[in-house]
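*Asks:* Have a look at this one before I ask anything.
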Amino acid sequence: MTDQPSARDHVHAWMEKYQAAWASNEPQDIRDLFAEDARYETRPGDPEPWLGRDGIVDGWLAARDEPADWTFTWKLLGADADTAFIQGMTTYSAGRPSYDNLWVIRFDGAGRAAAFTEWFMERA
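Each residue of the sequence shown is one higher than the one before, starting from 40 at the first, in our numbering.
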């Protein structure tokens with residue numbers, strides 16, 4: 040019997056890598072998170088999703104946040120072998136609004152995100 044990591048362990052590791060990529064804005068850090076043919080929707084039913092690793096890198100960098108401008112906290116709402124639900128809070132500095140987030144991440148068999156959809160709402 041081998042000691043396989045749980046779905047929760049996998050999601051926690053992936054989220055650490057996501058936050059590291061968010062802080063670095065390094066294209067390879069971003070690419071490593073996603074499957075080759077991944078789809079990143081910045082809102083449900085996004086009419087212009089970021090498609091494929093290169094499309095995701097391009098979209099991410101066009102909308103990039105600078106590392107010192109934000110903090111992010113999150114909790115895992117649920118996960119199974121290929122889907123995770125994340126509730127987050129993004130707080131920006133310099134008087135910018137803060138956001139509540141909900142992410143749905145669908146993973147491929149290699150542990151990369153095959154589909155990522157986010158919902159975000161400005162905090163009142």
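Glycine residues also receive a C-beta, built at the ideal position from the N, C-alpha and C atoms. Source: prediction; values computed, not measured.
#1: Can the beta-carbon of Trp109 be found less than 9 angstroms from the beta-carbon of Asp97?
#2: With distance defined between alpha-carbon atoms, name the residue in Lys56, Glu80, Trp53 and Trp61 nearest to Ala154.
#3: Where does Gly117 sit, in a helix, a strand or coil, going by DSSP?
#4: Tell me whether Asp108 sits in a helix, a strand or coil according to DSSP, three-state version.
#5: Compute the Euclidean distance between the alpha carbons of Thr130 and Ala123, then round it to the nearest angstrom.
*Replies:* The short version:
#1: no
#2: Ranked by how close their Cα comes to the Cα of Ala154, the residues Lys56, Glu80, Trp53 and Trp61 have Glu80 in first place.
#3: strand
#4: helix
#5: 22 angstroms
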